[in-house]
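Structure, as structure tokens:
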Amino acid sequence: MDFQDPALANRLSLTAVGYNSSTGKWRTEAMRSHSSPRLLYIGKGQGRITIAGLTRGYGPNNLIFIPARTMYGFEVGPTVFGQMLTIPAAMAAEWPDEPVHLRLRDVLGQKELAQLFDNLERELVSARSGHSRAAHYHLGLLSVLFERQMDLQAEQEPAGKDRTTSAAAKLVAAYSDLVDRDFRSSKGVAEYAAALGVTPTHLTRCCKQTCGKSALAILNDRTLFEARMLLRQTRQPVQAIAANLGFTSPAYFSRAFHSATGQTPSAFRRLGPIANPR
Numbered sequence: 000m001d002f003q004d005p006a007l008a009n010r011l012s013l014t015a016v017g018y019n020s021s022t023g024k025w026r027t028e029a030m031r032s033h034s035s036p037r038l039l040y041i042g043k044g045q046g047r048i049t050i051a052g053l054t055r056g057y058g059p060n061n062l063i064f065i066p067a068r069t070m071y072g073f074e075v076g077p078t079v080f081g082q083m084l085t086i087p088a089a090m091a092a093e094w095p096d097e098p099v100h101l102r103l104r105d106v107l108g109q110k111e112l113a114q115l116f117d118n119l120e121r122e123l124v125s126a127r128s129g130h131s132r133a134a135h136y137h138l139g140l141l142s143v144l145f146e147r148q149m150d151l152q153a154e155q156e157p158a159g160k161d162r163t164t165s166a167a168a169k170l171v172a173a174y175s176d177l178v179d180r181d182f183r184s185s186k187g188v189a190e191y192a193a194a195l196g197v198t199p200t201h202l203t204r205c206c207k208q209t210c211g212k213s214a215l216a217i218l219n220d221r222t223l224f225e226a227r228m229l230l231r232q233t234r235q236p237v238q239a240i241a242a243n244l245g246f247t248s249p250a251y252f253s254r255a256f257h258s259a260t261g262q263t264p265s266a267f268r269r270l271g272p273i274a275n276p277r
């Protein structure tokens with residue numbers, strides 16, 4: 000969920016990504032999704048990113064495309080710096096339907112990418128006439144560069160076993176989709192597993208294989224990220240948030256929240272609104 004006006008949530012924007020010990024790891028690492036696509040550009044540093052239940056490493060000059068309504072979370076260590084681009088839903092058709100992770104190895108491609116991001120950022124903060132239209136044109140050029148880099152990566156990397164096509168990855172991706180759709184309900188892992196035609200044990204085994212987390216941890220992670228955002232970005236009463244997220248009682252919600260965060264929902268809310276929520 001994007002905790003702002005839908006028109007603003009879908010607006011073309013660019014946000015810096017970097018290490019900030021004061022904001023808490025949950026701001027980037029917890030599972031979340033958005034109503035419009037995102038493009039993550041890593042300029043320097045390295046870490047791990049999980050998209051649709053599959054974890055892989057990232058490094059400098061990496062471009063990672065995340066489709067709308069796809070759960071993801073990523074590490075941001077002290078050496079990491081990048082940018083997160085919000086792609087308007089109206090322009091989503093120009094981008095892939097599935098997550099894509101590109102590693103730009105050629106210097107020319109890296110320079111072209113940096114120039115496009117610089118041009119895009121300059122237009123977004125400009126007060127000159129036509130700046131918004133110019134920014135959208137630069138985004139269109141960026142989508143062309145992305146497509147060409149996809150073709151180049153396919154040529155350079157020999158065909159082999161793709162982790163995204165394994166049976167475990169497909170199952171966990173389907174589970175992630177269901178969780179993102181239904182996490183506000185009171186469904187447990189057993190009900191999700193039944194909907195996918197597998198046992199809870201097998202589902203958890205596959206989740207641990209693809210991302211190192213249990214099926215329950217993925218579900219709790221998504222639910223508690225939403226709880227944090229609702230507490231900090233809205234004025235909904237704690238009781239209402241608990242009910243909206245499928246908890247049987249406010250007391251149970253408070254215990255679960257405190258167990259995961261070390262704070263009560265009310266104490267967490269008192270920290271104030273989140274600046275630049277992604």
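Residue numbers (numbering that gives the first Met the number 0): 0 to 277. Heads up, the beta-carbon is just placed ideally off N, CA and C, and yes, glycines get one too. Quick caveat: nothing in here was measured; it's all calculated off a predicted structure.
Nearest residue (CA-CA) to residue i, options the options
| i | options | result |
| --- | --- | --- |
| Thr296 | Ile63, Pro77, Gly76, Gln45 | As shown, the chain starts at 0 and ends at 277. That puts residue 296 outside it, with no answer to give. |
| Leu13 | Ile240, Ile41, Leu123 | Leu123 |
| Asp96 | Ser142, Arg269, Gly196 | Ser142 |
| Pro264 | Val75, Lys24, Pro236 | Pro236 |
| Ala29 | Arg204, Val16, Ile48 | Ile48 |
| Leu138 | Glu111, Leu229, Leu151 | Glu111 |
| Leu87 | Lys169, Arg37, Gly23 | The sequence shown places Pro at residue 87, rather than the Leu named in the question. Looking at the Cα atoms, Arg37 is the closest of the given residues. |
| Gly76 | Lys169, Thr163, Lys24 | Lys24 |
| Met70 | Glu225, Leu230, Ala250 | Glu225 |
| Phe73 | Ala239, Pro66, Gly56 | Gly56 |
| Val178 | Ala216, Gln148, Gln152 | Ala216 |
| Ala282 | Leu107, Leu115, Gln148 | It is not possible to answer for residue 282, since the shown part of the chain is limited to 0 through 277. |
| Gly52 | Leu270, Ser258, Arg204 | Arg204 |
| Thr78 | Pro157, Val16, Ala192 | Val16 |
Buried or exposed (CB count within 10 angstroms, at least 16 for buried), residue i
| i | result |
| --- | --- |
| Ser175 | buried |
| Asn243 | exposed |
| Asp150 | exposed |
| Asp117 | exposed |
| Ser229 | As written in the sequence, residue 229 is Leu, which differs from the Ser given in the question. Buried is the call here. |
| Gly261 | exposed |
| Asp220 | buried |
| Arg26 | buried |
| Arg162 | exposed |
| Gly211 | exposed |
| Ala172 | buried |
| Ser35 | buried |
| Asn19 | exposed |
| Thr247 | exposed |
Whole-angstrom distance between residue j and residue i, CA atom to CA atom
| i | j | result |
| --- | --- | --- |
| Gly58 | Lys43 | 7 angstroms |
| Asp105 | Val99 | 18 angstroms |
| Leu101 | Ala89 | 23 angstroms |
| Pro272 | Thr233 | 8 angstroms |
| Glu190 | Arg31 | 21 angstroms |
| Ala166 | Phe256 | 33 angstroms |
| Phe267 | Ser184 | 23 angstroms |
| Ala241 | Phe252 | 6 angstroms |
| Ser131 | Val188 | 45 angstroms |
Min CB distance residue i to chain C below 8 angstroms
| i | result |
| --- | --- |
| Leu195 | The displayed structure is made up of one protein chain only, and chain C is not part of it. |
Residue i (DSSP reduced to helix, strand or coil)
| i | result |
| --- | --- |
| Ser258 | helix |
| His290 | This structure cannot speak to residue 290, because the chain is shown only from 0 to 277. |
| Gly56 | strand |
| Arg31 | strand |
| Gly17 | strand |
| Leu107 | helix |
| Thr233 | coil |
| Ala92 | helix |
Residues sharing a beta bridge with residue i, DSSP
| i | result |
| --- | --- |
| Ser12 | Thr85 |
| Gly46 | Tyr57 |
| Leu38 | Phe64, Leu84 |
| His100 | Ile63 |
| Tyr174 | Answer by DSSP bridge pairing: none, since Tyr174 is not bridged. |
| Gly72 | Thr49 |
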